[in-house]
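Chemist: Residue numbers for the first sequence follow UniProt numbering, so the first one is 1 and each next one is one higher. First, the structure itself, so that you have it in front of you.
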Amino acid sequence: KYSSVIQLQKNQRGQRRRLRRWEEEKYEDGVKWRFLEHKGPYFPPEYQPLPDNVQFYYNGKAVKLSLAAEEVAVFFAQMLDHEYTTKKVFRENFFKDWRKEMTHDERSLIKDLDKCDFGEIHAMHKAKVEARKNMSKEEKLALKEANQKIIDEFGYCLLDHHKERIGNFKIEPPGLFRGRGEHPKQGMLKKRIQPEDVIINCSKNSCIPAAPPGHHWKEIRCDNTVTWLASWTENIQGSIKYIMLNANSKLKGEKDWEKYEIARKLKSCVEGIRSQYHQDLKSKQMGTRQRAVALYFIDKLALRAGNEKEEGETADTVGCCSLRVEHITLHEQLDGNECVVEFDFLGKDSIRYYNKVPVIRKVFKNLKLFMENKEPGDDMFDRLNTNMLNKHLSSLMMGLTAKVFRTYNASITLQQQLRELSNKSENQAEKLLSYNRANRAVAILCNHQRAPPKTFEQSMATLQAKIDARKEQLALAKSDRVYIPRKKNAVQRSEEQLLKLEVQATDREENKQIALGTSKLNYLDPRISVAWCKNMEVPLEKIYNKSQRDKFAWAIDMTEADFEF
DNA sequence: ATGGAGACTTAGAATGGCATGG
DNA sequence: CCATGCCATTCTAAGTCTCCAT
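Below is the structure:
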C-alpha cells in the first residue's frame, strides 16, 4: 500500500527525486517495524501526604483523612478556582468517587460535599504554585536539568535504524476527569495507573524495559503491526491509551505524507464524485438521497463524518451523519438568499458550529423531506451512518473516507487563497499577513475555534487606546492652521502608524475566536507552504517553528517551488 | 448488519518559557 | 532589569475508521 504512494510520488509531474530517507525500507502489508526497543513509560511521582499543619475540615471540625481519601481531596482542592467545581454534575461525580476511596468511618462521617472545607489545602496548593514561580535561577536550572535527564532516559526509543523521540512517554497522572462541554462524567476520579495495568510492546530481541522496583508489567507484547510502545486502559470511558512516537518520527511522517497523497488523489477525481452525488440527490432510494445530501455537506462545509456515540457516556455532540432535526432550520428565504440552511449544533470538543448556508434546491427539498414527521430529537439521516458512507466512498476511490474531504478542501483552499492573496511584490510582512489570511480562511472553513484569550479584552483596549491617542494627535496636528513644513513628514508618519495599528487591531479582532494551529498542523499539505516560501522568497522559519519544521521534514526535503497540490 | 475493541489522528486548554519594551 | 504578554510545548480528550466476532 505504502510503496504505491511512493510510486505515485515518483511519477508526479515536475517532482524531483529527493526522497532519500523517505523511500528506504518498505515493509510488507501491515508491518510497521522490524526492531523496537525502549525504556517503558515514565510514571508520575507517588502521592506526598499533607503536612500536619494543613487540615481538611468537615462541618467545621478538622478531620485527618486516610491517604487514599486525602489524595482525592487534594485533587478537588487544587481545582477550586476553576468553574468546574461549581457544576452540579462535576460535584456529584466527584463526591461519589471520592466516597469510594474513603474508609468506612470516613464514609459514614462525610456525607455532604457542601460541609467540606478544602480551604487550607487549596491555600497550600496556591502557595506551592507561587513558590515555583519565584524559584531562583539556580533552582529553575536544576529542575530543568532533572527534567532533561528524564527525557534522555525515557523520551527516546530505537525503531529500526533510527533513534526516535517518543511523543508522550509519561503515564497520565491521576486526577479528576475534565471532559469538554457538558460531559456527564466530569468530576469522576481518573485513577492512578500502575505498571500492572500497562502493556509493553517491543521487539523480542530487544532489551525489555524493567518495571519499576517491586512491580511487573501487565504484559509484554511483540506486535510489529502496530506503532505503539505501551498502552493501558483508562477507567473513565474504558478506552485504551497509547504511548506513541513523536510527530517528527519517520513513521509518523510517512503516514502524514500518505494522508496528503490520498487527498491529492481525491483532487483528480473529485469532479466525478461531485456529479455522482448530484445525481444521487434525485435517486428513488431514500438512503441514497440521504447519503448524497450528507456528502454535499461534508464536501461543501467540511463537516466531520459524525459517528454514533453512546448516550450518557460523552457530551452530546454531533457530526454530519449524526445531525438531528433540531440542529437544522430551513429558510425558503433569508437575507436575500433562497434555500438557506441554518446549522446550529455542537461538534467535536463541544465547539459550536453555527452557519447559514444557501444550498441548491434539490438539497433543500430533500432536507425538507427528511425532516417530515420527525421530532426535534430524531436523526436527520435515519437511513445513513458513517460506515455506509465510507463504504460507498472507498468504492469510488481507494482510500477515500469522509475525513479526506476535509484534508482535500483545506489544502486546496490554502493553495487557492495563497495564489489570490499574495504577491511577489509585497514586502515580507505583507506576504506573511497574506499567508495568515489564507490560513485563516481554512480555519474558518474547518470551524477551528478557540476561547478568546483571557487577556483579550484588555490587550484590545490597550491597542485601541494607542489608536485613539494617535488619532487625537493627528487631529490636533491637522487643525493647526499654521503651516509648518517640518510637521508634514511627522503627520505622514503618524498616519502610516495609525493605519498599521488599525490593521493590527482588525487582524487581532478577526483572530479572536479562530485557531490557526490545528489546520496548519493537521490539514494543510506542508508542501504547499514550502513551495510558497520558495516562490515568495520567505524564509520557512517565518511560517513554521522548530517542531513544525521537524514534523514536516519529509515535505521540506522533497518540495520544489513548482509543487502543486 | 451490528456492535465493540483497537489504533490512530485531530483538538483546544493549560502550562511553561522566553523575548520585549517600559 | 523585570514584568508582561506572547508563542511554543505539553497534555490528554475526542474524534475517525478498521477489523473482527456474532
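Built from N, CA and C at the ideal position, the CB exists for glycine as well.
DSSP beta-bridge partners for residue 210?
Modeler: According to DSSP, which records beta bridges pairwise, residue 210 is partnered with nothing at all.
Chemist: Compute the Euclidean distance between the alpha carbons of residue 459 and residue 429, then round it to the nearest angstrom.
Modeler: C-alpha separation (whole angstroms): 22 Å.
Chemist: Which residues mark the beginning and the end of the alpha helix (DSSP H) in which residue 321 is found?
Modeler: Looking at the DSSP string, residue 321 is not in any alpha helix (DSSP H), and its letter there is neither H nor E.
Chemist: What did DSSP end up calling residue 39 once you bin it into helix, strand or coil?
Modeler: Residue 39: coil per DSSP, three-state reduction.
Chemist: To the nearest angstrom, how far is it from the Cα of residue 21 to the Cα of residue 375?
Modeler: Its pLDDT being 49, under 50, residue 21 is placed unreliably in this model, and the coordinates cannot settle the point.
Chemist: How about residue 406 and residue 523: do their beta carbons lie closer than 8 Å?
Modeler: Yes, the Cβ-Cβ distance between residue 406 and residue 523 is below 8 Å.
Chemist: Taking the alpha carbon of residue 40 as the point to measure from, which residue in 30, 92, 167 has its own alpha carbon closest?
Modeler: Among 30, 92, 167, the Cα nearest to that of residue 40 is on 167.
Chemist: Is residue 54 closer than 8 Å to residue 121 when the C-beta atoms are compared?
Modeler: In contact: residue 121 and residue 54 (Cβ atoms closer than 8 Å).
Chemist: For residue 532, which of helix, strand or coil comes out of DSSP?
Modeler: Residue 532 falls in the helix class under three-state DSSP.
Chemist: Out of 408, 331, 425, 439, point me to the one whose CA is closest to residue 418's CA.
Modeler: For residue 418, the nearest C-alpha among the options comes from 439.
Chemist: Give the single residue among 38, 468, 290, 141 whose Cα lies nearest to the Cα of residue 365.
Modeler: That would be 290, whose Cα lies nearest to the Cα of residue 365.
Chemist: Do you know how far the Cα of residue 244 is from the Cα of residue 169?
Modeler: Cα to Cα, the separation comes out at about 8 Å.
Chemist: Cα separation between residue 515 and residue 65?
Modeler: Rounded to whole angstroms, residue 515 to residue 65 spans 44 Å at the Cα level.
Chemist: Go to residue 368, then tell me how far its beta strand (DSSP E) extends in each direction, as first and last residue.
Modeler: Residue 368 -> not in any beta strand (DSSP E); alpha helix (DSSP H) instead, spanning 361 to 371.
Chemist: Using a Cβ-Cβ cut-off of 6 Å (strictly less than) and excluding sequence neighbours within five positions of residue 117, which residues of its own chain qualify?
Modeler: Excluding residues within five positions, the ones whose Cβ falls inside 6 Å are 57.
Chemist: So if DSSP puts residue 233 in a beta bridge, which residue, or which two residues, is it bridged to?
Modeler: 240.
Chemist: Residue 19 to residue 543, Cα distance in whole Å?
Modeler: With a pLDDT of 43 at residue 19, under the threshold of 50, the modelled position of this residue cannot be trusted, and the question is left open.
Chemist: Where do the N-terminal and C-terminal ends of the alpha helix (DSSP H) with residue 646 fall, by residue?
Modeler: Nothing in the structure corresponds to residue 646, since the chain is present only between 1 and 565.
Chemist: Quick check on this structure: which residue in 102, 43, 73, 395 has the alpha carbon closest to the alpha carbon of residue 124?
Modeler: If we check each option's Cα against that of residue 124, 73 comes out closest.
Chemist: Closest to residue 176 by C-alpha separation, out of 97, 539, 102, 48, would be which residue?
Modeler: Of 97, 539, 102, 48, the residue nearest in Cα terms is 97.
Chemist: Could you pull the start and end residues of the beta strand (DSSP E) that residue 220 belongs to?
Modeler: Here the beta strand (DSSP E) through residue 220 covers 219 to 221.
Chemist: Taking Cβ to Cβ, would you say residue 330 is nearer than 8 Å to residue 341?
Modeler: Cβ distance < 8 Å, so residue 330 and residue 341 count as in contact.
Chemist: Considering residue 269, what are the terminal residues of the alpha helix (DSSP H) in which it resides?
Modeler: Counting along the chain, the alpha helix (DSSP H) containing residue 269 begins and ends at 250 to 280.
Chemist: If you scan the segment 54 to 86 from start to end, which runs of the alpha helix (DSSP H) of 4 or more residues do you find wholly inside it?
Modeler: Qualifying alpha helix (DSSP H) stretches, in chain order: 67 to 78.
Chemist: Three-state secondary structure (DSSP) at residue 130?
Modeler: Three-state result, residue 130: helix.
Chemist: Under the rule that 16 or more other beta-carbon atoms within 10 Å means buried, what is residue 103, buried or exposed?
Modeler: By the neighbour-count rule (16 or more Cβ atoms within 10 Å), residue 103 is not buried but exposed.
Chemist: Buried or exposed: residue 455, going by 16 or more other Cβ atoms within 10 Å of its Cβ?
Modeler: With fewer than 16 Cβ atoms within 10 Å of its Cβ, residue 455 is classed as exposed.
Chemist: Please list the terminal residues of the continuous alpha helix (DSSP H) segment that includes residue 333.
Modeler: Taken as a continuous stretch (DSSP letters only), residue 333 belongs to no alpha helix (DSSP H), being part of the beta strand (DSSP E) at 328 to 334.
Chemist: For residue 14, count neighbouring C-beta atoms within 10 Å of its own C-beta (all shown protein chains included) and say buried if the count is 16 or more, exposed if not.
Modeler: With a pLDDT of only 34 at residue 14, under 50, the local geometry of the prediction cannot be trusted, and the value read off the model is given with reservation. Label assigned to residue 14: exposed.
Chemist: Who are the near neighbours of residue 162 in its chain, counting only those whose CB is closer than 8 Å to its CB and skipping five residues on each side?
Modeler: 249, 250.
Chemist: Give a yes or no on contact between the segment 396 to 415 and the segment 523 to 538, applying the rule of three or more CB pairs nearer than 8 Å.
Modeler: The answer is yes - the segment 523 to 538 touches the segment 396 to 415, with three or more Cβ pairs under 8 Å.
Chemist: Pull up the CB-CB distance for residue 434 and residue 421, whole angstroms please, since I reckon it's below 8 Å.
Modeler: Indeed, because the Cβ distance is near 4 Å, the residues count as touching under 8 Å.
Chemist: Taking all protein chains shown into account, do 16 or more other C-beta atoms lie within 10 angstroms of the C-beta of residue 82, making it buried, or fewer, making it exposed?
Modeler: Exposed: under 16 other Cβ atoms inside 10 Å.
Chemist: Ordered along the chain, which non-local residues of its own chain (more than five positions away) have a Cβ less than 7 Å from that of residue 386?
Modeler: Here the set comprises 305, 306, 307, 321, 402.
Chemist: Taking the alpha carbon of residue 113 as the point to measure from, which residue in 95, 355, 119, 100 has its own alpha carbon closest?
Modeler: Nearest option by C-alpha distance: 95.
Chemist: Given this structure, state the Cα-to-Cα distance separating residue 450 from residue 394, to the nearest angstrom.
Modeler: Looking at the two C-alpha atoms, the distance is approximately 33 Å.
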